[in-house]
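In terms of UniProt numbering, the sequence shown opens at residue 1 and continues consecutively.
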Amino acid sequence: MFEPVIPYLLLLVFALAVAGAVRRIRLWRMGQPNPVSFWRGLAAMPRRYLVDLHHVVARDSYMSNTHVATGGGFVLALLLVVLVHGVGLKTAWLTWPLLAASMLMAVGAFFVWKRRAKPASELPHSRLSQGPWQRLPKSLMAFSVGFFLATLPAAGILPEGTGSTLLALLLLAACIWGLGEMVFGMTWGGPMKHAFAGALHLAFHPRPARFDGGRDTGLKALDLSDAKLGVEKVTDFKWNQLLSFDSCVQCGRCESKCPAFAAGQPLNPKKLIQDMVTSLAAQEEVNYHGSAHPGQEQAARTGCPDLPLVESILDSQTLWSCTTCRACVEECPMMIEHVDAVVDMRRYLTMERGETPGKGQQVLENLIATDNPGGLSPASRSHWAADLSIPLLKQTRATDILFWVGDGAFDMRNQRSLRAVVKLLKAANVNFAFLGDEELDSGDLARRLGDEATFQRLAKANIKTLSKYQFNRIVTADPHALQCLGTEYAELGGDYQVVHHTELLAELHKQSQLHFTANGNARLTYHDPCYLGRYNGVYDAPRYLIDQLGFERTEMERSGFRSRCCGGGGGAPITDIPGERRIADMRMDDARAVNAEVMAVACPQCTQMLEGVVEPRPEIKDIAELLLEALIVPDELQKVQQQPEEELAHV
């Protein structure tokens, strides 16, 4: 009965959607220029949506299946609605698929409703945004059921004109509701906003190398000649960063995995992204219907694109709570880069305002004065190795492996791990050397604290030093140095092959250059360092080595790409933002939950943070230390290996 109205309704809705799209694009273009490959991005978008995005979505099988039903059903149904009811192609080849797509969408809508009908205290419901999102299952159902019933006469199942005028009006209302939310609302705001913004975000992603199985985790270099360093206002972000913020589906996956949020520090990564959207659209904070930043539940701010973010909508402590662990980024189904946004805003606070909290300012001054965060004498960087006879690269000029020591050289606890690595390399007859006092801090801490100028100075100095010598690979026991040297130096001219010590030791074992006894008799668990796992994808080598030693290895609930941060990254121990708990304590609780007696680590910062947890707790051991204890030693090295550790610790 209302069939003649549908073409005009479709035309009106699509016209309004286009107007909304133009308005939204203008908002994004308020950001800073950032060149993208337009046509290549659009061509790549379908694969990025169907493969890369759904690879992340599939980690939650419930939502993966639901999204296939609702998203796939909607796209197919909308196309067929245009052809059947808009253009008038009422063939069986189109009407029956439209009925099937509508039914599929209705099934998905039911499961969306079921998910959101759970008590607010239950996961995942507690992390889902409420408000307008609560009407989403109704809108999905209105669209799918409305057009299913409207298509029955076109499919020949019901005669034309079936039903009363009242029923026809109700059916028309359902179709208008569904089209309004699903199409009009896609560009004007509402729960479906993420569909429009998300598709374009995948096409013009700030890090296109993340797709097709790639990995892109390095922070981008800042042009230090810019008039403003870092991000002060929301419009200081790149335009496609603003687009990415707008694609947030508010699912709360980032919130559920954020260590700072779990510790009660004032950071909720989902809320942080919505703060950016609120500022861009000049909205009030009360329009957000999800969890707040912990401790800021009563805040009621108003966003403004022309005001500094920290003064208008953000507390600076929110930014300094981040450990840069990338748990939020790894978990986000829309592949939003939360950490980039945090560091961009930190850069402004540090370099333009000089507002680095806690001991941050002192540490940055130490890095400027002594090239190490502790302010220690650079000449003492090699003292830990005085008795080990490690060749200096300035003497040999060339080597196969360059051992990058890192700032663990100044810490007596981490010196034990470094010594273990050296002894293992010698036992395998590896040709290696180190820089000694020529090595400077990698710059990781300065960069994460927002001091890009100090990072670039250190990086360029290290690159200049390395350019004087010949080597094939760099090996380091510090994942933070691994990230800087192996990923972030490349943009400044330092292109090196860098491996973690567990990768090299695993390789040596497989080549029969190292042999170990399998006498480990304790219950052991392994903690994945964020900068080794999520940043560099190294998960297997440490576990391979541990499995050679005979321990009963058990995985904590959060391990691998979902490992919980130790709390030591991103300068968090230095800025020291208070919360309800310490992140390291929560990580140790994960180990206690599996009754671990030994906790294997592979990062000096993780060692420091986890050993700071009060006992009783598992013993903390670097993998290199465990391997050294189990090493089957060649005769010519037995004397060196049997030296008392107490004696060596005083060197």
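Where a beta carbon is used, it is the ideal one built from N, C-alpha and C, also for glycine.
query: Assign Asp441 to buried or exposed, taking buried as 16 or more other Cβ atoms, counted over all protein chains shown, within 10 Å of its Cβ.; result: buried
query: Determine contact between the region 409-426 and the region 625-632, defined as no fewer than three beta-carbon pairs at a distance below 8 Å.; result: yes
query: On a CA-only basis, which of Pro578, Gln548, Gln395 is nearest Ile632? Give me that one, please.; result: Gln548
query: Pick out the complete beta strand (DSSP E) segments inside the region 463-501, 3 residues or longer, and give them in chain order.; result: 470-476, 498-500
query: Hey, how far is the Cα of Lys90 from the Cα of Leu76?; result: 16 Å
query: Given that a residue counts as buried once 16 or more other Cβ atoms are within 10 Å of its Cβ, and exposed if not, what is Lys257?; result: buried
query: Among Asp451, Arg558, Gly41, Leu314, which has the Cα closest to the Cα of Leu222?; result: Asp451
query: Are there 16 or more other CB atoms within 10 angstroms of the CB of Gln362, so buried, or fewer, so exposed?; result: exposed
query: Could you give the DSSP three-state label for Thr323: helix, strand or coil?; result: coil
query: Would you tell me roughly how many angstroms separate the C-alpha atoms of Val475 and Glu615, rounded to the nearest one?; result: 33 Å
query: Is Phe237 helix, strand or coil when you go by DSSP?; result: coil
query: Just how far apart, CA to CA, sit His650 and Ala409?; result: Only weak support is given to the placement of His650: the predicted model assigns it a pLDDT of 39, under 50, and the question is left unresolved by the model.
query: For a test of the three-state rule: what should DSSP assign to Tyr526, helix, strand or coil?; result: strand
query: Could you say which of Leu224, Arg127, His201, Ala101 lies nearest to Met45 if we only look at CA atoms?; result: His201
query: Around the Cβ of Thr217, are there at least 16 other Cβ atoms within 10 angstroms (buried) or fewer (exposed)?; result: buried
query: If you draw a straight line from the C-alpha of Trp239 to the C-alpha of Arg592, how long is it?; result: 45 Å
query: Buried or exposed: where does Ala412 fall if 16 or more other Cβ atoms within 10 Å of its Cβ makes it buried?; result: Reading off the sequence, residue 412 comes out as Met, not Ala. Answer is exposed; the Cβ neighbour count stays below 16.
query: Between the region 396-403 and the region 591-605, can you find at least three pairs of beta-carbon atoms closer than 8 Å?; result: no
query: Just grab the DSSP bridge partners of Ile620 for me.; result: Met599
query: Can you list, in chain order, the residues of its chain with a C-beta nearer than 6 Å to that of Val56? Leave out the 5 residues immediately preceding and following it.; result: Pro333
query: What whole-angstrom Cβ distance do Leu314 and Lys233 have, given they're in contact under 8 Å?; result: Between Lys233 and Leu314 the Cβ distance is about 11 Å, and since that is not below 8 Å, they are no contact.
query: Roughly how many whole angstroms lie between the Cα atoms of Thr396 and Leu514?; result: 25 Å
query: Quick check on the burial criterion: 16 or more other C-beta atoms within 10 angstroms. Buried or exposed for Ala459?; result: buried
query: Give the single residue among Cys325, Arg23, Tyr544 whose Cα lies nearest to the Cα of Thr525.; result: Tyr544
query: Return the CA-CA distance between Arg207 and Lys464, expressed in angstroms with no decimal places.; result: 28 Å
query: Output the boundary residues of the beta strand (DSSP E) element that contains Leu402.; result: 398-404
query: What whole-angstrom Cβ distance do residue 654 and Tyr496 have, given they're in contact under 8 Å?; result: Past the boundaries of the shown model lies residue 654; the chain is included only from 1 to 651, so the question cannot be answered.
query: Does the count of Cβ pairs from the region 365-384 and the region 272-284 closer than 8 Å reach three?; result: no
query: Using the C-alpha atoms, what's the distance from Pro97 back to Ile577?; result: 56 Å
query: Among the residues of its own chain, which have a CB less than 6 Å from the CB of Phe245, if the five just before and after it don't count?; result: Ile273, Met276, Val277
query: Taking Ala327 and Pro266 to be in contact with their CB atoms under 8 Å, please state how far apart those CB atoms are, rounded to whole angstroms.; result: No, Ala327 and Pro266 are not in contact; Cβ-Cβ is about 17 Å, not under 8 Å.
query: Among residues of its own chain, excluding the 5 on either side of Ala263, which ones have a beta-carbon nearer than 6 Å to its beta-carbon?; result: Gly579, Arg581, Ile583
query: Determine which residues share a DSSP beta bridge with Phe432 and list them.; result: Ile401
query: My output table needs one value for Arg553: the three-state DSSP class, helix, strand or coil.; result: strand
query: Answer with buried or exposed for Arg47, where buried requires no fewer than 16 other C-beta atoms within 10 angstroms of its C-beta.; result: exposed
query: Looking only at its chain, what residues have a beta carbon closer than 8 Å to the beta carbon of Ala15, apart from the 5 residues adjacent to it on each side?; result: none
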